[in-house]
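Enquirer: Numbering (this note's numbering), first residue to last: 12 to 494.
Structure below; questions to follow.
Take a look at the structure:
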């Protein structure tokens with residue numbers, strides 16, 4: 012383990028966080044909301060800490076796989092802790108545990124909140140709260156690579172450890188350029204949505220807040236009733252479309268920008284993703300209409316928005332879907348586990364893993380029927396390596412094992428089963444509002460300190476896809492042997 016390069020990289024990361032906090036401080040000054048001093052003190056603390064770490068001189072600049080995982084694991088914990096300081100120092104959230112929960116929920120794009128009422132929150136804090144979604148959506152360390160692509164050799168290990176999905180890669184030979192392309196696409200999508208939401212009738216402030224939550228697939232809103240408070244169908248359609256877009260692998264956006272539109276529809280994961288969305292919308296629309304919950308038009312409107320919102324793990328809401336029929340809620344429940352596509356800003360287990368597991372089951376069934384036949388798992392016309400399939404199976408086991416442990420710990424609070432299960436699903440899949448006490452009209456304020464810390468941990472585990480944090484607990488990970 013190259014401890015010095017890890018510390019120095021964390022210092023660079025903190026400086027980038029300080030830069031990212033400046034717009035929120037400006038917003039606070041513009042609105043004279045009384046929390047500008049809290050941002051100033053926080054910036055001073057972050058910058059001093061960052062400078063201290065940057066001055067650590069590494070003996071060698073190479074970043075190995077374990078160094079990358081350590082940078083990612085500790086980096087996300089650090090940025091979440093320092094990101095909590097504006098909430099705490101301003102007095103808006105007087106508990107440091109609650110402030111940390113809100114911050115980590117923002118950065119991991121979970122959207123779970125301990126706030127019972129958000130509309131009275133100062134504008135600067137509302138902006139920062141949602142801007143953490145935007146920062147964390149693409150990946151805060153990828154942002155660092157985009158800004159400072161020369162932080163050291165082996166930076167691919169950082170991107171590999173942080174990026175969602177089984178196989179992150181480079182779009183172009185140079186990693187720094189790849190990061191810049193990704194954030195260029197991200198910025199373009201962000202700008203377009205802000206303009207469209209503003210044109211739809213939202214204020215510029217609300218347009219920014221909800222764009223950050225959409226493109227980062229986070230879900231924090233400036234309104235207690237989320238998107239439903241606007242009762243604006245044009246804004247709903249805009250947000251739904253952009254949630255859908257941001258649930259797609261960003262490498263496909265790059266291919267489309269280059270003029271290769273066919274690549275989008277040739278991609279098996281995208282076809283699977285859009286099929287699941289279409290089928291889910293159809294089934295829920297029929298269920299809502301047959302149970303006389305809404306008219307046919309309203310059933311289609313609300314089912315479309317909520318299906319896209321849930322599968323992309325954004326969890327913006329237009330209605331209280333916790334009051335829907337059980338059949339509709341069960342569909343949403345399964346979508347919460349699935350999530351979006353690999354390489355997107357969405358959380359969950361990712362469509363590509365579900366698809367490859369289904370293909371594996373089919374191959375094993377065929378093997379039973381035809382024992383002498385060779386039935387490889389294919390994806391995109393190519394045979395999938397057995398190690399990849401094995402890795403996905405291990406991921407699923409680890410995912411559900413951690414899920415079970417977290418449920419047991421949260422159950423100590425004594426809440427009903429739906430609330431207990433929903434709170435863990437909400438955080439581990441980085442969704443936000445789910446069902447019962449933590450549903451669209453609820454929050455996490457009544458959870459105990461233990462449960463909040465467990466759920467904060469599951470947010471990180473879900474966002475980083477388990478291994479970066481689990482590796483930090485393995486003794487052999489810390490041996491001074493580079494791998």
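Ideal Cβ placement from N, Cα and C applies to all residues, glycine included.
Does the region 262-272 touch the region 225-244, meaning 3 or more C-beta pairs lie closer than 8 Å?
Expert: No, because fewer than three Cβ pairs between the region 225-244 and the region 262-272 fall closer than 8 Å, the two stretches do not touch.
Enquirer: Can you list the beta strand (DSSP E) stretches of 3 or more residues lying completely in the region 260-285, in chain order?
Expert: Listed in chain order, there is nothing to give.
Enquirer: Considering only residues of the same chain and omitting the five flanking positions on each side of residue 325, which have a CB-CB separation below 6 Å?
Expert: For residue 325, where only same-chain residues beyond five positions count, the Cβ hits under 6 Å are 228, 230, 254.
Enquirer: Can you have a look at residue 28 and say buried or exposed, based on whether 16 or more other CB atoms are within 10 angstroms of its CB?
Expert: It counts as buried.
Enquirer: Taking residue 364 as the reference, give the member of 301, 319, 476 with the closest Cα.
Expert: Answer by Cα proximity: 476.
Enquirer: Under the rule that 16 or more other beta-carbon atoms within 10 Å means buried, what is residue 16, buried or exposed?
Expert: By the neighbour-count rule (16 or more Cβ atoms within 10 Å), residue 16 is buried.
Enquirer: Across which residues does DSSP place residue 327 in a beta bridge pair?
Expert: For residue 327, which the question treats as bridged, DSSP gives no partner whatsoever.
Enquirer: If you measure between the beta carbons of residue 464 and residue 457, is that distance less than 8 Å?
Expert: Result no, Cβ atoms of residue 464 and residue 457 do not sit closer than 8 Å.
Enquirer: Span of the alpha helix (DSSP H) holding residue 257?
Expert: Per DSSP, residue 257 belongs to the alpha helix (DSSP H) from 244-257.
Enquirer: What are the residues that DSSP puts in a beta bridge with residue 389?
Expert: Per DSSP, 394.
Enquirer: Could you give the first and the last residue of the continuous alpha helix (DSSP H) run that contains residue 436?
Expert: Its alpha helix (DSSP H) spans residues 428-439.
Enquirer: What is the DSSP secondary structure of residue 113, counted as helix, strand or coil?
Expert: It is helical.
Enquirer: Less than 8 Å between the CB atoms is what I'm expecting for residue 56 and residue 112, so what's the real figure, rounded?
Expert: Actually they do not touch by this definition, with Cβ atoms about 20 Å apart.
Enquirer: Using the C-alpha atoms, what's the distance from residue 192 back to residue 150?
Expert: Cα to Cα, residue 150 sits roughly 13 Å from residue 192.
Enquirer: Here's the rule: buried if 16 or more other CB atoms are within 10 angstroms of the residue's CB, otherwise exposed. What is residue 13?
Expert: Buried, because 16 or more other Cβ atoms sit within 10 Å of the Cβ of residue 13.
Enquirer: Does DSSP put residue 19 in a helix, in a strand, or in coil?
Expert: DSSP places residue 19 in helix when its eight states are reduced to three.
Enquirer: Is DSSP giving residue 241 helix, strand or coil here?
Expert: Residue state, collapsed to three classes: coil.
Enquirer: Quick one, which of 334, 242, 205, 357 has its alpha-carbon nearest residue 260's?
Expert: Closest by alpha carbon: 357.
Enquirer: Near residue 109, what residues of its chain come up, given a Cβ to Cβ distance below 6 Å and the 5 sequence neighbours on each side ignored?
Expert: Hits under 6 Å: 125.
Enquirer: Tell me where the alpha helix (DSSP H) around residue 378 begins and ends.
Expert: 362-380 is the span of the alpha helix (DSSP H), which, as asked, contains residue 378.
Enquirer: Skipping 5 residues on each side, what residues in its chain have a beta carbon closer than 7 Å to that of residue 314?
Expert: Closer than 7 Å at Cβ, skipping near neighbours: 292, 295, 296, 299.
Enquirer: Considering only heavy atoms of the ligand ADP, does any lie closer than 7 Å to the CB of residue 91?
Expert: Although the ligand ADP was asked about, the structure shown includes no ligands whatsoever.
Enquirer: Assign residue 475 to one of three DSSP states: helix, strand, or coil.
Expert: Correct three-state label for residue 475: coil.
Enquirer: Which same chain residues end up closer than 6 Å to residue 137 when comparing Cβ atoms and leaving out the 5 residues on each side of it in sequence?
Expert: Cβ neighbours of residue 137 beyond the five flanking positions: 233.
Enquirer: Taking all protein chains shown into account, do 16 or more other C-beta atoms lie within 10 angstroms of the C-beta of residue 383, making it buried, or fewer, making it exposed?
Expert: With fewer than 16 other Cβ atoms within 10 Å, it is exposed.
Enquirer: Look at the alpha carbon of residue 217 and the alpha carbon of residue 479, and state the distance between them as a whole number of angstroms.
Expert: The straight-line gap from Cα to Cα measures roughly 35 Å.
Enquirer: Could you tell me whether the Cβ atoms of residue 246 and residue 215 are closer together than 8 Å?
Expert: Not in contact: residue 246 and residue 215 (Cβ atoms no closer than 8 Å).
Enquirer: For residue 454 and residue 127, which I take to be in contact (beta-carbon distance under 8 Å), what is that distance rounded to the nearest angstrom?
Expert: The pair is a contact, with the Cβ atoms about 6 Å apart (cut-off 8 Å).
Enquirer: Looking at the secondary structure, which residues open and close the alpha helix (DSSP H) in which residue 90 lies?
Expert: Start and end: 76-101.
Enquirer: Within its chain, find whatever has a CB closer than 7 Å to the CB of residue 424; leave out the 5 residues flanking it on each side and keep chain order.
Expert: Answer for residue 424: 458, 459, 462, listed in chain order.
Enquirer: Return the first residue and the last residue of the alpha helix (DSSP H) that residue 455 is part of.
Expert: Segment: none, residue 455 is in no alpha helix (DSSP H) and carries neither H nor E.
Enquirer: What whole-angstrom Cβ distance do residue 145 and residue 223 have, given they're in contact under 8 Å?
Expert: Confirmed, Cβ separation roughly 4 Å.
Enquirer: Can you check which of these residues, 34, 50, 79, 54, is closest to residue 489 by C-alpha distance?
Expert: Closest option to residue 489, Cα to Cα, is 79.
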